[in-house]
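Count the sequence shown with our numbering and you get residues 27 to 529, in order.
Written below as structure tokens is the structure these notes are about.
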Amino acid sequence: MSVNIGALLAKRALLSPGKEAVVCEGVRRTWVECNARANRLAHAMQKLGVKRGDTVGLLALNEAEFLDMYYGLGKIGAILVPVNYRLAAPEISYILNDCGAKVFIFGKEYAEIADTFRNDIPAKHFVAIMDSPPEWAKQYEALIQAESAEEPEAAPGGDDVITILYTSGTTGRPKGAMLTHTNFYTMSINFVTTFGWPGDTDMIALPLFHIGALAPLASGVYYGMRSVMLRSLDPKRFLELLGEEKVDVFGSVPALLMILKMVPDFEKYDWSSVKLIFVFGAPVPVSLLEEYAAAGIEVRNLYGLTESTGSGTVIDGEYSMAKVGSCGLPEFLVDAKVVDEDGNEVGPEELGEVVVRGETIMKGYWNKPEETAATIKDGWLHTGDVARRDADGFFYIMDRKKDMIISGGENIYPAEIEDVLSRHPKIAEVGVIGYEHEKWGEAVKAIVVLRPGETLTEDELMEWTKGKIGKFKMPKKVEFTDALPRTATGKILKRLLRDQFNK
């Protein structure tokens with residue numbers, strides 16, 4: 027079935043024209059208004075030369091305009107590339123060059139940083155979501171309001187890519203996961219067939235460059251579900267909106283649930299409408315499960331990847347306590363198993379790699395055919411995550427993909443940070459590991475070996491690192507040592523590094 031996601035927005039606008047679709051800090055739009063804006067955006071992009079298969083970069087907080095771009099570009103077969111706004115300028119520039127962005131759209135908070143690299147990226151047109159843009163950029167609202175609200179000629183959809191989400195690379199460079207119209211269509215059907223009716227109002231506080239936020243926003247068109255969005259995380263405002271907008275469901279990472287509990291007078295906020303919380307990125311502490319269960323709120327832990335459009339396994343409230351630490355069973359339209367190095371499925375309680383299969387699996391990595399072939403084999407996505415299954419078939423993730431660090435729900439790959447830190451003239455070698463952090467779950471620690479005769483302090487290295495990588499990736503701790511433990515082939519033994527420096 028060839029489905030165009032943008033065309034589905036037009037159908038939702040026909041069926042639910044006056045129903046509210048999105049609320050974002052003072053902005054309220056119905057489905058028919060959202061569809062008209064998506065059409066105007068599509069026509070505007072076509073006038074700027076954007077065609078089927080072309081990419082449009084976006085650097086912005088969560089804006090109501092995101093719906094214009096996601097659905098509008100989808101209508102004409104173009105590709106939205108939302109960039110992680112926590113990245114440093116060189117990292118953003120790399121992504122925009124890698125995807126070949128033809129147009130670059132940015133929010134008001136990012137005009138200055140965009141100015142630093144605008145001459146170094148392929149985009150010929152710059153569009154600012156702000157009232158008074160810089161002279162080198164077009165004003166977003168004026169650009170789209172000059173166009174017709176009529177439906178553009180729809181592209182096929184189906185296996186066409188609708189968005190590219192960049193994930194941190196294990197070799198120091200991020201990879202662009204190509205997600206298609208079919209991927210998002212299947213993900214949405216998978217969602218409702220696995221979980222049932224999710225409710226009428228969803229809260230989105232996580233950033234939209236993250237599959238955990240984009241997936242529910244993209245699913246809203248299928249259910250006619252309203253999305254209440256925060257431009258950026260404000261825990262107090264989050265709690266206020268739960269009651270004001272009668273939120274039924276929201277997605278979270280464990281760190282967010284803990285941050286919310288730290289808001290003064292937490293217990294006074296109105297949670298009466300909340301029925302379900304989806305948590306991903308890490309296991310949920312038992313104490314949190316118990317607290318939310320006592321309030322009548324079901325917490326479901328998900329395991330999924332950007333490369334699988336967020337789909338994978340899930341555990342429901344019935345088993346969360348009995349199967350503590352488990353990420354549950356495969357979702358309705360997803361197959362998952364644990365395999366050995368030869369791809370053979372292992373038995374209960376045996377360790378192996380998690381592989382998943384289904385129509386939610388990405389098309390591949392943008393411009394990286396070799397890495398795609400190494401990741402998707404015979405239709406199975408090889409996650410690199412080590413896991414076991416118990417006798418009842420429940421999955422337990424035992425080790426993280428290639429020593430990945432998960433900080434506040436964000437995936438951080440040590441190799442990327444090691445690549446940057448190793449460029450410091452006083453550093454001979456460096457190993458990066460995660461350590462337990464009370465607020466973010468995990469944070470980054472750098473273990474540094476200096477060149478002979480050199481001296482360097484933790485503060486000096488942190489100051490040097492600023493602007494070279496995103497703040498959330500910067501080491502929160504630095505320790506110095508004489509040598510790093512390595513294998514016979516020279517690979518750093520991260521397990522021994524963690525044992526030595528995380529006692």
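Ideal placement from N, C-alpha and C gives every residue a C-beta, glycine not left out.
Computed from a prediction, not measured in an experiment: that's the story for all the values here.
- R449 carries a coil assignment under DSSP once its states are collapsed to helix, strand and coil.
- Contact between the segment 235-246 and the segment 379-388 is absent, with fewer than three C-beta pairs closer than 8 angstroms.
- In the three-state DSSP reduction, W392 falls in the coil class, being neither helix nor strand.
- In this structure, the beta-carbon distance from M213 to K389 does not fall below 8 angstroms.
- Contact between A180 and K101 holds: their C-beta atoms lie close to 6 angstroms from each other, under 8 angstroms.
- Under the 8 angstroms Cβ criterion, the segment 406-426 does not count as touching the segment 164-179, having fewer than three qualifying pairs.
- The secondary-structure analysis by DSSP pairs D228 across a beta bridge with S253 and V275.
- Residue pairing by DSSP places C50 opposite V53 and M255 in a beta bridge.
- Contact check for R257 and E51: beta-carbon distance about 6 angstroms, within the 8 angstroms limit, so the pair qualifies.
- Under DSSP, K403 forms a beta bridge with W406.
- Between T219 and L359, the C-beta gap is smaller than 8 angstroms, which places the two residues in contact.
- If you look at V340, you'll find it in the beta strand (DSSP E) that goes G338 to I341.
- For L40 and V58, the gap between their C-alpha atoms comes out near 7 angstroms.
- Runs of the beta strand (DSSP E) spanning 3 or more residues and lying entirely within the segment 178-220 occur at 187-193 and 201-206, in chain order.
- Straight-line spacing of the CA atoms in K403 and E293 works out to 49 angstroms.
- Between D445 and V475, the beta carbon gap of about 16 angstroms keeps them out of contact (Cβ cut-off 8 angstroms).
- Contact between T335 and V273 does not hold, since their C-beta atoms are separated by about 23 angstroms, which reaches or exceeds 8 angstroms.
- For V312, the enclosing alpha helix (DSSP H) stretches over residues V312 to A320.
- Ranking D185, P440, V312 and F304 by CA distance to the CA of S337 puts F304 first.
- In this structure, D429 is the residue among D429, E484 and W466 with its C-alpha nearest to the C-alpha of L522.
- The shortest CA-to-CA distance from A469 to any of S448, V504 and T481 is the one to V504.
- Taking the C-beta atoms as reference points, A308 is found no nearer than 8 angstroms to W466.
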